[in-house]
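S.K.: So for the sequence shown, the numbering used here puts the first residue at 181; every next one is plus one.
Each residue gets a CB set at the ideal place from its N, CA and C atoms; glycine is no exception.
Please find one structure pasted underneath; my questions will follow.
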Amino acid sequence: MPAPDRFLPSPAFRSPAFYERAEWYDRACPWDPSAEIEFLRRVTADHGLVRPRRVLEPFCGTGRLLGAWPEPYGFDLCMPMLRRARGAVFRADAARFVLKSEVFHFAFCLNDSFRHLLTEARARAHLRAVARALEPGAVYALGFDVTPAEFADISCQVTMFQANGQAWRCRVGSLGDADPATRTETIHVRIDPVAADERAKNGDTAETGPGAASHADHAVVDDLFPMRTYTSRDVEDLIDAEGSFELAAVYHGYDPSETSIEISEVERSAILILRKEQR
Ligand SMILES: C[S@@+](CC[C@H](N)C(=O)[O-])C[C@H]1O[C@@H](n2cnc3c(N)ncnc32)[C@H](O)[C@@H]1O
């Protein structure tokens, strides 16, 4: 096993309740991961990586995307998330991990995880450590949300799902407090039951099961945590200043019809294809 050489614990990390309650994280991500997996496969082929074998996923969480690779390795800081993951996973801080050099053929991190690194120093340390673990010429697919330059956007992602015989709603959104000076914003995650009258209003007449009453009046996750903000200019500056990678392509979604765009064209979601220099 190529990893880890050392585990360097992060003194300041407070794991959001959303992740500590890992079963609710999985329920709130009920979508089929095949679009993400197909996208990653296409990226590796387009960038000359023929069937990458040993693959690394920093911030792997519950390992939703790990099973797609022959030799997957993932790490995360939150133990309840890792306990649900299968495969070679270990606990590490994404800004302070040390793996053997140049052993991975491909790395990826989707789902806006990178913005958990709140300072420029930690973001750079992450890119440096991933680059060190990758073979020369390998790529890192890094997907996260880019904030419009005017900091005006307040969007909220809503996912509905069923659990314990009850309909639930997961809302993830910014409080709209993105601050260009501190480069942070507050993210609010709330998972709460959808009340019967609201479901009826929306035409949902499905029966609720025995778990419904006990869950009916409270949120199971109601959490605020900070994330770092990036404008497209901040993304370019970070990659240039850190220096391990060149920006080989940028996509804003997983659809196969998508072609690479300029980083300046990104409106919200960006998947950066970062290539480590060939020797
Ligand atoms: C939005 S989840 C994404 C999980 C997974 N990548 C996925 O696509 O479902 C973000 C993950 O980042 C982890 N995380 C946050 N800060 C971290 C850090 N400094 N080092 C390692 N993992 C961290 C959290 O514990 C959580 O599992």
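Mapping the DSSP letters down to three states, classify F239 as helix, strand or coil.
M.R.: Counting from one through the sequence shown, the residue named residue 239 turns up at place 59. Reduced to three states, the DSSP call for F239 is coil.
S.K.: Going by C-alpha distance, which of R363, L314, R459 is nearest F288?
M.R.: Residue 288 sits at position 108 when you count from the first residue of the sequence shown. It is L314 whose Cα lies nearest to the Cα of F288.
S.K.: How about R304 and E422: do their beta carbons lie closer than 7 Å?
M.R.: On the sequence shown, position 124 is the one that residue 304 refers to. On the sequence shown, position 242 is the one that residue 422 refers to. Taking 7 Å as the Cβ cut-off, R304 and E422 qualify as a contacting pair.
S.K.: To the nearest angstrom, how far is it from the Cα of M407 to the Cα of E365?
M.R.: The count along the sequence shown starts at 1 and reaches residue 407 at position 227. The count along the sequence shown starts at 1 and reaches residue 365 at position 185. Take the alpha-carbon of M407 and the one of E365: they are about 6 Å apart.
S.K.: Quick check on DSSP: helix, strand or coil for A303?
M.R.: Here residue 303 corresponds to residue number 123 of the sequence shown, with the count starting at 1. Of the three classes helix, strand and coil, the one that applies to A303 here is helix, per DSSP.
S.K.: Hey, would you say G241 sits closer than 7 Å to M259, going by beta carbons?
M.R.: What you label residue 241 is simply residue 61 of the sequence shown in a count that begins at 1. What you label residue 259 is simply residue 79 of the sequence shown in a count that begins at 1. Not closer than 7 Å, so no.
S.K.: I'd like the span of the alpha helix (DSSP H) that includes E216, first residue to last.
M.R.: For the purposes of this step, residue 216 is taken as the residue at position 36 of the sequence shown. Run containing E216: 214-226, per the alpha helix (DSSP H) assignment.
S.K.: What is the rounded straight-line gap between the Cα of A399 and the Cα of V338?
M.R.: As a first step, residue 399 is located in the sequence shown; it is residue number 219 there, counting from the start. As a first step, residue 338 is located in the sequence shown; it is residue number 158 there, counting from the start. Their backbone Cα atoms lie some 15 Å apart in a straight line.
S.K.: Based on Cα-Cα distance, which residue from V369, R448, R231 lies nearest to E251?
M.R.: Against the sequence shown, residue 251 aligns to sequence position 71. Taking only the C-alpha atoms, the option nearest E251 is R231.
S.K.: I'd like to know whether the C-beta atoms of T411 and T299 end up nearer to each other than 7 Å.
M.R.: Within the sequence shown, numbered from 1, the residue matching residue 411 stands at position 231. Within the sequence shown, numbered from 1, the residue matching residue 299 stands at position 119. Not in contact: T411 and T299 (Cβ atoms no closer than 7 Å).
S.K.: What separation, rounded to the nearest whole angstrom, lies between the Cα atoms of G353 and R459?
M.R.: Residue 353 sits at position 173 when you count from the first residue of the sequence shown. Residue 459 sits at position 279 when you count from the first residue of the sequence shown. One C-alpha to the other measures close to 42 Å.
S.K.: How would you write the range of the beta strand (DSSP E) that L314 sits in, first residue to last?
M.R.: In the sequence shown, the residue the question calls residue 314 occupies position 134. Here the beta strand (DSSP E) through L314 covers 314-325.
S.K.: Which stretch, first to last residue, makes up the alpha helix (DSSP H) that contains P260?
M.R.: The residue labelled residue 260 in the question sits at position 80 within the sequence shown. 259-263 is the extent of the alpha helix (DSSP H) around P260.
S.K.: Distance check for V415 and L427, CA to CA, integer angstroms please.
M.R.: Counting from one through the sequence shown, the residue named residue 427 turns up at place 247. Counting from one through the sequence shown, the residue named residue 415 turns up at place 235. For L427 and V415, the distance between alpha carbons rounds to 10 Å.
S.K.: Verify whether the separation of the beta carbon atoms of S444 and A429 is less than 7 Å.
M.R.: In the sequence shown, the residue the question calls residue 444 occupies position 264. In the sequence shown, the residue the question calls residue 429 occupies position 249. No, the pair does not count as a contact, with Cβ atoms beyond the cut-off.
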